[in-house]
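**Q** Provided herewith is a single structure, encoded as structure tokens, for subsequent inquiry.
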Amino acid sequence: MKTSVFYDIKNLVVEETPLPEVPNGKILMKIDTCAICTWEQRVYTGVKKVEYPFIGGHEIAGEIVQLGEGVEGDWQIGNQIVFGTNLACGHCYYCRTGEEQNCLNFDHSKQQPGLPYKGMGGLSEYLVVDPENIFSYQNVAPAEASLTEPLSCVLHSVETAEVNFGDYVLIVGAGIMGMLHLQLAQKRGAIVIVSDPNEERLKLAKELGAAQIINPVKENLLEKVLSYTESLGAQIIFNTTPNSALIPGLLENLSNTGTMILYSSYYPDEPVGVTFDHIHKTGQKIMGTANSNKRDFIRAARLISQGVVNVKPFVTKIYPLSQIEKAFDEAVNTDAFRIVIDFEQERSE
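Heads up: the sequence shown begins at 492 in our numbering, then just goes up one per residue.
Okay, here's the thing in structure tokens:
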């Protein structure tokens, strides 16, 4: 089978690797599509350090092509599935209490069964998966289904924030994560404001249901937020950008007793000045959220399959595996939402 392997910064090689054997109780998944997440983009550019060689890829959709002996459940060959990554240890306190997204031993460099190198493995044609980590999808193309993983993370974020009907919500950043936050917050009855310097993205945010849009380069963010929120500020802020320097200023836009969710990873992770007496007096909460769990994933798959959440606008471009470096360059250097690798294009040639 073909596998794309990171050998160094901006050095991706597509090579032949053995087809994995399928142990008892496991399933062989043929990967149809893999979206290029920001995490893999950071590996590509060297911002995220990994041990080479490394096989990335975790936003994947495909189908079952082989069942190991003794597989439990109703899984059948040909089922369309998405894969919830198995990077949690499964044994720590958080895993055992259903909070595997905060696993003490979460490992992006975990060795996947049957693969020659460490990594999440989604940039391989085939992957051995555990039945408990796969979820059915239907009604959408594989490229769209591959966005189940990011949606599951956003679903976890929105539920962590406890978005309620009538809440004023400010979403900072109108990339794919900001847009998915917009759709889910709106469906929970929130009045959503989106801030981003990209006018095209703001236009799409408005089309997807944002009540208000703000370009913080051209407009005063605080003045606009106060004018849209009865001078209270946003009750919930989702910062989906990787810029920690924004946080002190964003707190000024947060209402008393409001919640700020730090959704993105921060690179570089530098300290910022926060006045803790302000937090004390206002009752504001700052919370982090990362990853997702099985409960999030199964519901994200349903939301996409049933058309409740529209992810089609976020599949910016699809490339065959043979053009993977070109795909990564476009993902890194443009305003693309998601660039997707399509293994089926390669197989049909």
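Even glycine gets a Cβ: it sits at the ideal position worked out from N, Cα and C. Remember, predicted model here, so these are calculated numbers, not experimental data.
1. Could you tell me how far apart the beta carbons of His549 and Met611 are, in whole angstroms, since I believe they sit closer than 8 Å?
2. Whole angstroms is fine: what's the gap from Ala681's alpha carbon to Glu512's?
3. I'd like the ranges of any alpha helix (DSSP H) spanning at least 4 consecutive residues and lying wholly in the stretch 709-778.
4. Return the residue from the list Leu595, Asp760, Arg679 and Ile770 that minimises the CA-CA distance to Tyr585.
5. Quick one: what does DSSP say Ala526 is sitting in, helix, strand or coil?
6. Using the Cα positions of Val708 and Pro688, report the straight-line distance between them to the nearest angstrom.
7. Can you tell me which of the three DSSP states Glu653 falls into?
8. Under the DSSP definition of a beta bridge, which residues are partnered with Phe627?
9. For the alpha helix (DSSP H) that Gly669 lies in, which residues bound it at each end?
10. Identify every residue that forms a DSSP beta bridge with Gln703.
11. Let me check understanding here. Comparing Cα to Cα, which of Gly547, Glu640, Ile572 and Asn734 lies closest to Ile667?
12. Please report how far the alpha carbon of Leu578 lies from the alpha carbon of Gly547, in whole angstroms.
13. Looking at the secondary structure, which residues open and close the beta strand (DSSP E) in which Phe545 lies?
14. Between the beta-carbon of Ser643 and the beta-carbon of Arg533, is there less than 9 Å?
15. With DSSP as the reference, label Ile500 as helix, strand or coil.
16. Would Ile705 and Val683 qualify as a contact pair, given that the criterion is a beta-carbon distance under 9 Å?
17. Going by DSSP, name the residue or residues bridged to Glu554.
18. Less than 9 Å separating the beta-carbons of Thr576 and Glu653?
19. Nearest-angstrom Cα distance between Val556 and Ser722?
**A** With the given structure in hand:
1. Approximately 4 Å separates the beta-carbon atoms of His549 and Met611; this is inside 8 Å, confirming the contact.
2. In a straight line, the C-alpha of Ala681 is about 48 Å away from that of Glu512.
3. Along the stretch 709-778, the alpha helix (DSSP H) occurs as fully enclosed runs of 4 or more residues at 712-719, 738-742 and 767-773, listed in sequence order.
4. When only C-alpha atoms are compared, the closest one is Leu595.
5. The three-state reading of DSSP puts Ala526 in strand, counting E and B together.
6. The alpha-carbon atoms of Val708 and Pro688 are separated by roughly 6 Å.
7. Note: Glu653 maps to coil in three-state DSSP.
8. At residue 627 the sequence reads Ser, which differs from the Phe that was named. Ile572, per the DSSP bridge assignment.
9. Taken as a continuous stretch (DSSP letters only), the alpha helix (DSSP H) holding Gly669 covers Ile667 to Lys678.
10. BP columns for Gln703 point to Ile684.
11. Selected option, being the one with the closest Cα: Glu640.
12. It is roughly 12 Å from the alpha-carbon of Leu578 to the alpha-carbon of Gly547.
13. Per DSSP, Phe545 belongs to no beta strand (DSSP E) and is neither H nor E.
14. Cβ distance not < 9 Å, so Ser643 and Arg533 don't count as in contact.
15. Correct three-state label for Ile500: coil.
16. No, Cβ-Cβ distance for Ile705 and Val683 is not below 9 Å.
17. Partner(s): Lys521 and Gln571.
18. Annotated as distal: Thr576 and Glu653, with beta-carbon spacing of 9 Å or more.
19. Cα to Cα, Val556 sits roughly 57 Å from Ser722.
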